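With mature numbering (1 follows the signal peptide of the UniProt record, and there is no 0) applied, the sequence shown covers -20 to -1, 1 to 1203. The next block holds one structure in the form of structure tokens; read it before the comments.
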Amino acid sequence: MHVNTLSVLSLVGLVPLAAARLSGSVGPLTSASAKAATKTCNVLDYGAAADKTTDLGAPLASAFADCKTGGLVYVPPGDYALESWAQLSGGKAWALQIDGTIYRTGTDGGNMIFIEHSSDFELFSSTSSGAMQGLGYEFHADDNWSGPRLLRLYDVSDFALHDFILVDSPSFHLSLDTCSNGEVYNMAIRGGNHGALDGVDVWSTNIWIHDVEVTNKDECVTVKSPAQNILVENIYCNWSGGCGMGSLGADTNISDITYRNVYTWNSNQMMLIKSNGGSGTVSNVVLENFIGHGNAYSLDIDSAWSSMSKQSGDGVELSNFTIRNWKGTEANGAERGPVKIICPNGAPCYEMYIEDFAMWTEEGDEQWYTCQSAFGSGFCLESGSDYTSYEATTSTATSAPSGYSAPTMASDLTRDFGSTVSIPIPTIPTSFYPGATPYSALMGAQSSASANVRAVAFSTSAVVSRAGSSSRPAQTVSSSTKPTTAAAGSTTGPTAAAAEGFTFFSDNQSPTPCSISMASPHAVDSPPDGTGVIKLDPWLEPFRDALRERFALVEGWIKTINDTEGGLDQFSRGYEKFGLNANANGDITYREWAPNAVQASLVGEFNNWDVEAHPMTKNDFGVWELTIPAKDGAPAIPHDSKIKVPNPSPSLYKEAHQLSHQITMVIPSGERIYRMPAWIKRAVQDLSVSPTYDSVFWNPPADQKYHFQHARPKKPQSLRIYEAHVGISSPETRVATYKEFTATMLPRIQYLGYNAIQLMAVMEHAYYASFGYQVNNFFAASSRYGTPEDLKELVDTAHKMGLVVLLDVVHSHASKNVLDGLNMFDGTDHLYFHEGAKGRHDLWDSRLFNYGNHEVLRFLLSNLRFWMEEYGFDGFRFDGVTSMLYTHHGIGTGFSGGYHEYFGPAVDAEGVMYLTLANEMLHALYPDCITVAEDVSGMPALCLPHALGGVGFDYRLGMAIPDMYIKLLKEKSDDEWDMGNLAFTLTNRRYGEKTIAYAESHDQALVGDKTLMMWLCDKEMYTNMSVLTELTPTIARGMSLHKMIRLVTHALGGEGYLNFEGNEFGHPEWLDFPRAGNNNSFWYARRQLNLTEDHLLRYGQLNEFDRGMQHAEAKYGWLHAPPAYISLKHEVDKVLVFERAGLLWVFNFHPTESFTDYRVGVDVAGTYRIVLDTDDEAFGGFGRNRKDTRFFTTDLEWNGRKNYVQVYLPSRTALVFALEETL
């Protein structure tokens, strides 16, 4: 992770005499992922507990002892108590990953975590939310300022500290003492409003500190003596003490220091260098690109610092300073002027250069400049080379300098934090200086509590340090790799600007049109071994061999299938050979794979249950075959006749099913077993006889077959998915049908503006309450809803309406049923499944496929092909992909985000192989086929082509998004909503891998959970949704936030959008299918769609908003536009502003505050009009903005954009603006 020395020189852009630079590379020598692959020491395995009570000190020390010489110490998410401090000494090639929050419970002084005598070290949080909470206010309330520091590094070399949060230290927050070759970045530090609570103190050599926010009332980032070759940049001093050097005392030795891109808001000073007496030197210093507002001082160099005791010596000599490009305002320029350089008379300052310095006072109309014994050029500095001391002189300016106007930051605090009250843990910001792109995106996180796993999305940057770091790829910081292609003034844009860069879109780090030079994943020149993805994501470099093995496994199977089956095309037509198939002459051929059987025959009414009448023959591959000749030119087995019985006794079965048939087999033990054909294309259930399904031979005459009349629609550029379940698609308490769905739901979906339907629970499942996820018969469309021909009509009618239809396919597991499923099909437990415990899913109580078996691959690939060919589906949502990718199936596994978790023994190589084969086959045969993965682990390259080393999906589900909303609604009041975290979660996704965003899906509608509308309105949904009743505060809030949540998700969350049936209008109840626990009631197994048709209810207003949103996307196409440019995330105003697809989006989440003439930055000048308003009266709002209002831009930079408009922004509303000429 090292940075090249010369590159920093070019980055800083030095003037003569100011040669501040790094002296060598910085960062760890070994990536954290490589360390974790060597050994991972989880503190939970050493006695830690995330209960905020158990002392973490001893477990942390024990874990360190085991991993200190080449490993990763891991603190998982959760709350931990630290009572005894952790002194971790002597580590080499190790990392400390803290994804939890560590709370101080001890009361000693010293350092809570002390890392010393270490090399090749990295401390980070893979979620960017790991933190230490010092609870310093408990000390400070007793006027105790001598409590412990939070984190101290001593004698540590080749290290990085990043993506971590430090809060409310009793003393200093972070100290770097006698360290070397280190990097600190992506941090937030929050401290109290008092001295002695420094943010970052560094007295070390060759250190790069960047992209850090500090809030406190003492130094923000301070260089102390001795220190050499320190680069400090992209620093956000947000209501803090400002940056500084000192206190300087005897034998000061500081040289080659650069501060650049420093933004200071409401602080003591922008830059302070303080001393009182002392000796030694400070030389070769650059203070460049400073912006400040509301600070007491701007540049404050004071050699007579009154609060510092006099040190021995004539003073510290300052020389060779370049101070340039400062702008902004100070609080009172006459009281405390913008330039104060008081040098010691015994050691005058010389070669001090001030240029491009434009500061002006916020109070009054004059400001002062004061210099003493200071020589150079600019303002009150005296020229000359004899450097004779002189007393302080002051000059006065009475007019503002040109160019002093400077932007503010969206996250500027409106107040500081007191020293005697608790300080909340913040979110790390994603912008630290106006117009400067952070050097690396936050590592970030995606999680899905419902799946009991955590997925961490890593981010990368082309501006990097040492090769192989866990945080970024191997390049150097230089003018050629720095992301200079971002638009001027941009506070966004991916941090990878090189053509081969790769990044996650994290918050406002999203590219804007024409501002990013980044290779498309599909345009990468890929080597033929599956390692092309490394060009996109260099973090994968340590796993090059694993990628090759993964690729080779897939290629090996493709070769085998080509050699033995004639290719994937023929191989995936298994349904034409296996099962029962009628030939053109009326003969019926039946084939079944059952290698364990020693005899097999087809029996039933047609042969008077004679097991000897129609025996089957077995080939060398365990496949049994039988051909039954036609009778009088007609099939011997009539259409729609049953061919499987639930009871092995023919005499009992014949009484109930006169036309039943089945396969019967004798297994090696001599037992005769009866099974339903595995490839059966129709299955029916008669609960009056048995809950077990019967197989049916479906072979309708030509005049009864449904014939498709409409071509498949083209793959949509923007995918707007309506997730639906046929059986619940009626307000009546019964199972709805395919025909009813065709007649009522398809027009509704088309009216709303969706262009895709995702059908759940179509594959036949015996247990209705399983929501279709316990599949028994993989080739049979559920008979509950009607016939196969009815389903074909549904799909064809959808195509006529321009709707693509996706099938929710379940290949991650199967029902454990024996008589009407695949389990124990030939008497063994391992025909289609793994043997023993490996073949069982403990949580789902189901069977797990053996993806490495030739015939299982035939079965599953043919199953996909069958649904595409026979029913005309346009693609699939693959359910439970996480279970298929990993041998642990995600059970009890928290993904820390380390790339080692995506490789190695925990990965099911055969599961990955099958999914890749499935995507290869589907996309080769059906170029417009759409595949969507339900994965919560964050598997890299899941949605990249196989040729690059990917798995080949088109989209992945953004599963962290609904979890975020539930957490907000359950745990936070409206005024506690974090705009930065909201934007971060919505935009945190891998570059080049498309995401389907959704606020809620069927998961949130199930019994035991609540829909968003239920969380928002609860019981008032039953009493106060009538327009004839007063609009209560609860309903007003609920409707407003329901619309805003869906809109911001639609706009920011991904490249596709999904809504579950009924949620678009705030369906008032959950889903609970008939089961024993609810007396088999259908009351909650329905959708009350009629609610939108009653004009006296407010549900129709929510329905109309959803329609307006979908149709707006259809017109402007933001889902297939580049990701959004976020220009404002105001935590106090609760305002979020961004641009996407040429539209300007403004969200005011504030529960009570409305804003008039609110300035909103926008890049493109012109006249704007409102195209979507959540407050529209037609959508149940108050209509506080007129639709015909025209908004004119002002040519003045605002929030990093070239122009601004002023808008009226009512509370809890969102507005979408478009240029007038686009209407």
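Note that the Cβ used here is the ideal one computed from N, Cα and C, for glycine as well. Note that the structure is a prediction, hence the values are computed from the model and not measured.
Exercise. So, residue 8 versus residue 27, is the Cβ gap smaller than 8 angstroms?
Worked result: Locating residue 8 in the sequence shown gives position 28, where the first residue counts as 1. Locating residue 27 in the sequence shown gives position 47, where the first residue counts as 1. Not closer than 8 angstroms, so no.
Problem set entry | Beta-ladder partner(s) of residue 329, from DSSP | Translated into the one-based positions of the sequence shown, residue 329 becomes position 349. Answer is 354.
For this session: Determine the DSSP secondary structure at residue 1172, reduced to helix, strand or coil.
Result: Along the sequence shown, one-based indexing puts residue 1172 at 1192. Note: residue 1172 maps to strand in three-state DSSP.
Exercise. Would you report the Cα separation of residue 947 and residue 514, rounded to the nearest angstrom?
Worked result: Position 967 of the sequence shown, counted from the first residue, corresponds to residue 947. Position 534 of the sequence shown, counted from the first residue, corresponds to residue 514. Cα to Cα, residue 947 sits roughly 35 angstroms from residue 514.
Problem set entry | At least three beta-carbon pairs within less than 8 angstroms, the region 251 to 269 to the region 230 to 239 | yes
Exercise. Based on the DSSP output, what are the partners of residue 559 in its beta bridges?
Worked result: Walking along the sequence shown from the start, residue 559 turns up at place 579. DSSP output for residue 559 lists 571 as bridge partner(s).
Exercise. For residue 1272 versus residue 389, is the C-beta spacing smaller than 8 angstroms?
Worked result: Only positions -20 to 1203 of the chain appear in this structure, which leaves residue 1272 out of reach.
For this session: Please look up how many angstroms separate the CB atoms of residue 55 and residue 47, rounded, as I've assumed it's under 8 angstroms.
Result: For the purposes of this step, residue 55 is taken as the residue at position 75 of the sequence shown. For the purposes of this step, residue 47 is taken as the residue at position 67 of the sequence shown. Contact doesn't hold; Cβ gap of about 12 angstroms is too wide.
Exercise. Residue 1060: buried (16+ other C-beta within 10 angstroms of its C-beta) or exposed?
Worked result: The residue given as residue 1060 occupies position 1080 in the sequence shown. Exposed is the call here.
Problem set entry | Residue from 930, 784, 137 with nearest C-alpha to residue 520 | Counting from 1 along the sequence shown, the entry for residue 520 is found at position 540. That would be 930, whose Cα lies nearest to the Cα of residue 520.
For this session: Return helix, strand or coil for residue 393, following the three-state DSSP convention.
Result: Sequence index remark: in the sequence shown, residue 393 carries index 413 (1-based). In this structure, residue 393 counts as coil in the three-state DSSP scheme.
For this session: Compute the Euclidean distance between the alpha carbons of residue 699 and residue 934, then round it to the nearest angstrom.
Result: Here residue 699 corresponds to residue number 719 of the sequence shown, with the count starting at 1. Here residue 934 corresponds to residue number 954 of the sequence shown, with the count starting at 1. Residue 699 and residue 934: Cα-Cα distance of roughly 11 angstroms.
Problem set entry | DSSP-derived helix/strand/coil call for residue 536 | For the purposes of this step, residue 536 is taken as the residue at position 556 of the sequence shown. The answer is helix: DSSP assigns residue 536 an H, G or I state.
Exercise. When the Cα of residue 897 is compared with those of 71, 1152, 927, 848, which residue comes out closest?
Worked result: Against the sequence shown, residue 897 aligns to sequence position 917. The candidate whose alpha carbon is nearest that of residue 897 is 927.
Problem set entry | First through last residue of the alpha helix (DSSP H) which encompasses residue 19 | Here residue 19 refers to the residue found at position 39 of the sequence shown. Per DSSP, residue 19 belongs to no alpha helix (DSSP H) and is neither H nor E.
Problem set entry | Beta-carbon spacing of residue 1188, residue 1164 below 8 angstroms | The residue you call residue 1188 lines up with position 1208 of the sequence shown. The residue you call residue 1164 lines up with position 1184 of the sequence shown. Result yes, Cβ atoms of residue 1188 and residue 1164 sit closer than 8 angstroms.
Exercise. Which residue or residues does DSSP assign as beta-bridge partners of residue 91?
Worked result: Translated into the one-based positions of the sequence shown, residue 91 becomes position 111. In DSSP, residue 91 forms a bridge with 129.
Problem set entry | Same chain, Cβ closer than 7 angstroms to residue 638, five either side skipped, listed in chain order | For this step, residue 638 is matched to residue 658 along the sequence shown. Note that residue 638 scores a pLDDT of 36, beneath 50, so its modelled location is shaky; the value from the coordinates is reported in the next line. Taken in chain order, the residues that qualify are 585.
Exercise. Whose C-alpha, out of 644, 731, 755, 974, is nearest the C-alpha of residue 840?
Worked result: Here the question's residue 840 lines up with position 860 in the sequence shown. Out of 644, 731, 755, 974, 755 has the C-alpha closest to the C-alpha of residue 840.
Problem set entry | Candidates 523, 82, 1072, 180: closest to residue 732 by CA position | Locating residue 732 in the sequence shown gives position 752, counting from the first residue. Of the candidates 523, 82, 1072, 180, the one whose C-alpha sits nearest the C-alpha of residue 732 is 1072.
Problem set entry | Beta-carbon proximity of residue 1094 to residue 1151, cut-off 8 angstroms | The residue you call residue 1094 lines up with position 1114 of the sequence shown. The residue you call residue 1151 lines up with position 1171 of the sequence shown. Against a cut-off of 8 angstroms, the Cβ pair of residue 1151 and residue 1094 comes out as no contact.
Exercise. On the premise that residue 1024 lies in contact with residue 1129, defined as a C-beta separation below 8 angstroms, what is that separation, rounded to the nearest angstrom?
Worked result: The sequence position of residue 1129 within the sequence shown is 1149, counting from 1. The sequence position of residue 1024 within the sequence shown is 1044, counting from 1. That pair is a contact at about 7 angstroms.
For this session: Have a look at 960, 1145, 353 and flag the residue whose alpha-carbon is nearest the alpha-carbon of residue 282.
Result: Start at 1 with the first residue of the sequence shown, and residue 282 comes out as number 302. With distances taken between Cα atoms, residue 282 lies closest to 353.
Exercise. Mapping DSSP to helix, strand and coil, what is residue 770?
Worked result: Here residue 770 corresponds to residue number 790 of the sequence shown, with the count starting at 1. Note: residue 770 maps to helix in three-state DSSP.
Exercise. Secondary structure at residue 226, three-state DSSP: helix, strand or coil?
Worked result: Reading the sequence shown from its first residue, position 246 is the one you call residue 226. Residue 226 falls in the strand class under three-state DSSP.
For this session: Could you give the DSSP three-state label for residue 590: helix, strand or coil?
Result: Locating residue 590 in the sequence shown gives position 610, where the first residue counts as 1. It is coil, neither helix nor strand.
Problem set entry | Contacts around residue 1121, its chain only, beta-carbon distance under 7 angstroms, and the 5 residues preceding and following it disregarded | Translated into positions along the sequence shown, residue 1121 becomes position 1141. Contacts found: 1096, 1097, 1098, 1101.
For this session: Consult DSSP for residue 272 and reduce its assignment to one of helix, strand or coil.
Result: The count along the sequence shown starts at 1 and reaches residue 272 at position 292. It is a strand residue.
For this session: Apply the 10 Å Cβ neighbour rule to residue 706 and answer buried if 16 or more other Cβ atoms are within range, or exposed otherwise.
Result: Locating residue 706 in the sequence shown gives position 726, counting from the first residue. With 16 or more other Cβ atoms within 10 Å, it is buried.
For this session: Go ahead and label residue 1207 buried or exposed: buried means 16 or more other beta carbons lie within 10 angstroms of its beta carbon, across all protein chains shown.
Result: What is shown of the chain runs -20 to 1203, which leaves residue 1207 out entirely.
Exercise. What do you reckon, are the CB atoms on residue 222 and residue 248 nearer than 8 angstroms?
Worked result: Working through the sequence shown from its first residue, we reach residue 222 at position 242. Working through the sequence shown from its first residue, we reach residue 248 at position 268. Cβ atoms of residue 222 and residue 248: closer than 8 angstroms.
Problem set entry | N-terminal and C-terminal residue of the alpha helix (DSSP H) that residue 45 is part of | Position 65 of the sequence shown holds residue 45. Run containing residue 45: 37 to 47, per the alpha helix (DSSP H) assignment.
Exercise. Does DSSP put residue 765 in a helix, a strand or coil?
Worked result: As a first step, residue 765 is located in the sequence shown; it is residue number 785 there, counting from the start. Residue 765: helix per DSSP, three-state reduction.
Exercise. What are the start and end residues of the alpha helix (DSSP H) that includes residue 967?
Worked result: Numbered from 1 along the sequence shown, position 987 holds the residue referred to as residue 967. Start and end: 959 to 967.
Exercise. Excluding the five sequence neighbours on either side, which residues of its own chain have a C-beta within less than 6 angstroms of the C-beta of residue 50, listed in chain order?
Worked result: On the sequence shown, position 70 is the one that residue 50 refers to. For residue 50, where only same-chain residues beyond five positions count, the Cβ hits under 6 angstroms are 18, 73.
For this session: Have a look at residue 820 and residue 970 and give me their C-alpha separation to the nearest angstrom.
Result: Residue numbering aside, residue 820 sits at position 840 when the sequence shown is read from its first letter. Residue numbering aside, residue 970 sits at position 990 when the sequence shown is read from its first letter. Rounded to whole angstroms, residue 820 to residue 970 spans 32 angstroms at the Cα level.
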